[in-house]
Amino acid sequence: MKLNILYFARLKDSFGMGSEQLETDAASVDELLTELRQRGDNWSCELAAGKAFRVARNQELVRLDAALGDGDEIAIFPPVTGG
Amino acid sequence: MKLNILYFARLKDSFGMGSEQLETDAASVDELLTELRQRGDNWSCELAAGKAFRVARNQELVRLDAALGDGDEIAIFPPVTGG
Amino acid sequence: MQAFTVRVQQERFDSGVEIDRLSHNPACGAVVSFNGLVRDYGDRQDVAALQLEHYPGMTEKALHTIIEQARQRWQLQAATIIHRVGHLPLGEAIVLVVTASSHRKDAFAAAEFLMDFLKTEAPFWKKEILRDGSAHWVEAKASDQHAIGRWQ
Amino acid sequence: MQAFTVRVQQERFDSGVEIDRLSHNPACGAVVSFNGLVRDYGDRQDVAALQLEHYPGMTEKALHTIIEQARQRWQLQAATIIHRVGHLPLGEAIVLVVTASSHRKDAFAAAEFLMDFLKTEAPFWKKEILRDGSAHWVEAKASDQHAIGRWQ
Chain A
-19 MKLNILYFAR LKDSFGMGSE QLETDAASVD ELLTELRQRG DNWSCELAAG
31 KAFRVARNQE LVRLDAALGD GDEIAIFPPV TGG
Chain B
-19 MKLNILYFAR LKDSFGMGSE QLETDAASVD ELLTELRQRG DNWSCELAAG
31 KAFRVARNQE LVRLDAALGD GDEIAIFPPV TGG
Chain C
59 MQAFTVRVQQ ERFDSGVEID RLSHNPACGA VVSFNGLVRD YGDRQDVAAL
109 QLEHYPGMTE KALHTIIEQA RQRWQLQAAT IIHRVGHLPL GEAIVLVVTA
159 SSHRKDAFAA AEFLMDFLKT EAPFWKKEIL RDGSAHWVEA KASDQHAIGR
209 WQ
Chain D
59 MQAFTVRVQQ ERFDSGVEID RLSHNPACGA VVSFNGLVRD YGDRQDVAAL
109 QLEHYPGMTE KALHTIIEQA RQRWQLQAAT IIHRVGHLPL GEAIVLVVTA
159 SSHRKDAFAA AEFLMDFLKT EAPFWKKEIL RDGSAHWVEA KASDQHAIGR
209 WQ
């Protein structure tokens, strides 16, 4: 299954990338996060369970138990600070 | 004692005047209203006890028991409807 | 710049200019405005214009008093109230309130408070002029009287 | 006229033009606006500018969703949200919300609701650029999260 993953703001800076295509078997957002944390360093730190970040699937905010499908656009970002 | 009395909006139309100078012994707004009501017709009708109107003394809203002094500017007008 | 301003005038005003004027203070992160317009329904459905009368002298005093009351409740860097009088055709602006604060909640609350109190305490009276040329004084609304209840 | 409009842009906007655009509907007696500006204190005291990043596509969707939520709660004839992105020096406007209704309470409540939800649900991120050239991402404020509590 292929996902299009986007990172914004502090996470983009920390990971050194704004987007990536990922081939994965992760069935939910939670499983995807587990996989990303295994990259270690900034990944395990920024995406730690207690850290404040948000996940959107196809441009809508979702909870961590949300299911993933092939071709989904997944965005991971810090709490928003606009306005 | 001399008062400068102003009427606004519906009361001005109804009384046929926007202002008048009045020589009176009325010691309070209440006594002044009693005196004005004695003119009958529109005066007794518009200033009847149950009618909604406001009184300002020297440009500040006052209650009916407010005292009057020589030279006071007394305004009598309907509830305001600006904005 | 005069931070707290009150104007009663026949002429139109420019909301953008008034908002910009209160936006130059770098301590103000939030500027809220309210525009009140002549609507096509008040007491009647066929309003063509309003005639606005006021009590010169007391009006300005009342508006400054209302601003003082707002400043005692909220952190307010600046405020402007402009109220028009005279003949105002349908669609024209009647009143503008602008508030500037460091905090958006304060700017919003103060603007709403100023409007609620202006509607019940500033000596303005509206006469509705209908399409057939007849005219009548607008009656005060109980809802405006109720609106100030929540601030007390 | 598009009654409900959302724009994300680098360019400045003109609050007066946007307010006037929503003031032409003769059913609207009340038009409320909120201007959010770059302040000289956020997390820090020495801010020279902000850099605004957003999530193109999701941003517009989120802003339209927020407007839909407001329309379900209040009688709203029109609304405009403009949010700037990119480099914004101190004192510049960041965001404009304008609401138009027949009722001033609805216009006020909807404008404040739109701002509260925009601050917590629209994917914008601010980076503060300090006078010494250093920069850091602004942390989300608990007060903004609390602000939406009262609408629930």
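Chains as they are written, first to last, in the numbering used here: chain A, -19 to 63; chain B, -19 to 63; chain C, 59 to 210; chain D, 59 to 210.
Idealized CB from N, CA, C, for every residue including glycine.
This one's a predicted model, so the numbers in the text were calculated from it and none came from an experiment.
Tell me which same chain residues have a C-beta within less than 7 Å of the C-beta of H112/D, skipping the five on either side of it?
One-based indexing of the fourth sequence puts residue 112/D at position 54. Cβ within range, chain order: V66, V143, P181 and F182.
Beta-carbon gap between L95/C and A136/C smaller than 9 Å:
Here residue 95/C refers to the residue found at position 37 when the third sequence is read from its first residue. Here residue 136/C refers to the residue found at position 78 when the third sequence is read from its first residue. Cβ distance not < 9 Å, so L95/C and A136/C don't count as in contact.
Taking only the alpha-carbon atoms, compute the straight-line gap between E36/B and Q109/C and give it to the nearest angstrom.
If you number the second sequence from 1, residue 36/B lands on position 56. If you number the third sequence from 1, residue 109/C lands on position 51. Before going further, note that residue 36/B is Ala rather than Glu in the sequence given. Approximately 22 Å, taken between the alpha carbons.
Shorter than 9 Å from the beta carbon of F(-12)/B to some beta carbon of chain C?
Here residue -12/B is taken as the residue at index 8 of the second sequence, counted from 1. With 9 Å as the cut-off, F(-12)/B counts as an interface residue toward chain C.
Can you find the residues in the same chain that come closer than 6 Å, C-beta to C-beta, to G87/D, ignoring five residues on each side of it along the sequence?
Position 29 of the fourth sequence, counted from the start, is the residue given in the question as residue 87/D. Only S160 meet the Cβ criterion.
For the putative contact between V64/C and L121/C, defined by C-beta atoms under 8 Å, what is the C-beta separation to the nearest angstrom?
Numbered from 1 along the third sequence, position 6 holds the residue referred to as residue 64/C. Numbered from 1 along the third sequence, position 63 holds the residue referred to as residue 121/C. Sure, about 4 Å apart at Cβ, within 8 Å.
Does F(-5)/B have its Cβ less than 9 Å from a Cβ in chain C?
Residue -5/B sits at position 15 when you count from the first residue of the second sequence. No, F(-5)/B lies away from the interface with chain C (no Cβ there is under 9 Å from its Cβ).
Identify every run of the beta strand (DSSP E) within the segment 66 to 119 of chain D, keeping only runs that are complete inside it and at least 3 residues long; order them along the chain.
88 to 95 and 105 to 112
Alpha carbon to alpha carbon, how far is D174/D from Q203/D?
Position 116 of the fourth sequence, counted from the start, is the residue given in the question as residue 174/D. Position 145 of the fourth sequence, counted from the start, is the residue given in the question as residue 203/D. Their backbone Cα atoms lie some 8 Å apart in a straight line.
List the residues of chain D that Q39/A touches, going by C-beta distances under 7 Å, in chain order.
By 1-based counting over the first sequence, the position of residue 39/A is 59. By Cβ distance, chain D contributes G115, M116 and K119.
Cβ neighbours of P59/A in the same chain (closer than 8 Å, five flanking residues each side left out)
Position 79 of the first sequence, counted from the first residue, corresponds to residue 59/A. Result list for P59/A: A32, F33 and R34, in chain order.
I125/D: contacting residues in chain A (beta-carbon distance under 7 Å):
To locate residue 125/D, count along the fourth sequence from 1; it is residue 67. Ordered by position in chain A, no residue passes the 7 Å Cβ test against I125/D, which lies about 14 Å from the chain.
If you measure from the beta carbon of V35/B to each beta carbon in chain C, is any gap under 9 Å?
Residue 35/B sits at position 55 when you count from the first residue of the second sequence. Answer no: the Cβ-Cβ gap between V35/B and chain C never drops below 9 Å.
Could you tell me whether any Cβ in chain A is nearer than 9 Å to the Cβ of H141/D?
Position 83 of the fourth sequence holds residue 141/D. Yes, contact with chain A.
Near-chain A residues of the segment 143 to 154 of chain D (beta-carbon distance less than 8 Å), N- to C-terminal order
I152 and V153
Neighbouring residues, chain D, relative to V60/A (Cβ below 8 Å):
The sequence position of residue 60/A within the first sequence is 80, counting from 1. Simply K177, T178, E179, A180, P181, F182, W183 and A198.
Let's see if you can read the secondary structure: which residues bound the alpha helix (DSSP H) around K(-8)/A?
Position 12 of the first sequence, counting from 1, holds the residue named residue -8/A. That run of the alpha helix (DSSP H) goes A(-11) to F(-5).
Starting from F57/A, follow the alpha helix (DSSP H) in both directions and report where the run begins and ends.
As a first step, residue 57/A must be located in the first sequence, where it is residue number 77. Per DSSP, F57/A belongs to no alpha helix (DSSP H); it is in the beta strand (DSSP E), E53 to F57.
Assigned secondary structure, R43/B (DSSP; H/G/I helix, E/B strand, else coil)
In the second sequence, residue 43/B corresponds to position 63, counting from 1. In this structure, R43/B counts as coil in the three-state DSSP scheme.
Let me confirm a value: D164/D is counted as buried when at least 16 other C-beta atoms fall within 10 Å, else exposed. Which label applies?
Along the fourth sequence, read from residue 1 onward, the residue named residue 164/D stands at position 106. Classification for D164/D: buried.
Does any C-beta atom of chain C lie closer than 9 Å to the C-beta of F62/D?
Here the question's residue 62/D lines up with position 4 in the fourth sequence. For F62/D, the answer is no, since every Cβ of chain C falls outside 9 Å of its Cβ.
Proximity test, Cβ basis, 9 Å: W195/D and chain A
For the purposes of this step, residue 195/D is taken as residue 137 along the fourth sequence, with counting starting at 1. Yes, W195/D lies at the interface with chain A (some Cβ there is under 9 Å from its Cβ).
With 16 other Cβ atoms within 10 Å as the buried cut-off, status of K(-18)/B
Taking the first residue of the second sequence as 1, we reach residue -18/B at position 2. Classification for K(-18)/B: exposed.
Tell me which residue opens and which closes the beta strand (DSSP E) that R208/C is part of.
To locate residue 208/C, count along the third sequence from 1; it is residue 150. Looking at the DSSP string, R208/C is not in any beta strand (DSSP E), and its letter there is neither H nor E.
Measuring only the C-alpha atoms, how far is A198/D from P84/D?
Mapped onto the fourth sequence, residue 198/D falls at position 140. Mapped onto the fourth sequence, residue 84/D falls at position 26. Spanning the two alpha carbons is a distance of roughly 40 Å.
Return the first residue and the last residue of the alpha helix (DSSP H) that R17/B is part of.
Stepping through the second sequence from its first residue, residue 17/B is reached at position 37. Counting along the chain, the alpha helix (DSSP H) containing R17/B begins and ends at V9 to R17.
Specify the secondary structure class of E197/D as computed by DSSP and reduced to three states.
For this step, residue 197/D is matched to residue 139 along the fourth sequence. E197/D: coil per DSSP, three-state reduction.
Alpha-carbon spacing of V105/C relative to G20/B, whole angstroms
For this step, residue 105/C is matched to residue 47 along the third sequence. For this step, residue 20/B is matched to residue 40 along the second sequence. Computed Cα separation, rounded: 34 Å.
Which word fits V44/A, buried or exposed, when buried means at least 16 other C-beta atoms lie within 10 angstroms of its C-beta?
Your numbering for residue 44/A matches position 64 in the first sequence. Strictly speaking, residue 44/A in this sequence is Leu, with Val absent from that position. Burial call: exposed.
I need the straight-line Cα distance from E179/D to Q130/D, nearest angstrom please.
As a working note, residue 179/D is residue 121 in the fourth sequence. As a working note, residue 130/D is residue 72 in the fourth sequence. Looking at the two C-alpha atoms, the distance is approximately 17 Å.
Can you list, in chain order, the residues of its chain whose CB lies under 8 Å from that of T117/C, leaving out five sequence neighbours each side?
Sequence index remark: in the third sequence, residue 117/C carries index 59 (1-based). Cβ neighbours of T117/C beyond the five flanking positions: V66, H141, A180, P181 and F182.
Distance between beta carbons of I(-15)/A and L2/A, contact taken as under 8 Å:
The sequence position of residue 2/A within the first sequence is 22, counting from 1. The sequence position of residue -15/A within the first sequence is 5, counting from 1. Correct: roughly 6 Å between the Cβ atoms.
Minimum length 4: unbroken alpha helix (DSSP H) runs contained in the segment 131 to 156 of chain D
none
Grouping DSSP H, G and I as helix and E and B as strand, with all else coil, what is S(-1)/B?
In the second sequence, the residue the question calls residue -1/B occupies position 19. Reduced to three states, the DSSP call for S(-1)/B is strand.
Residue of L16/A, S8/A, A6/A and A7/A minimising C-alpha distance to F64/A:
Nothing about residue 64/A can be reported from this structure: the residues present for chain A run from -19 to 63 only.
May I have the straight-line CA-CA distance separating L172/C from V153/C, to the nearest angstrom?
The residue you call residue 172/C lines up with position 114 of the third sequence. The residue you call residue 153/C lines up with position 95 of the third sequence. Near 11 Å, if we compare the C-alpha coordinates of V153/C and L172/C.
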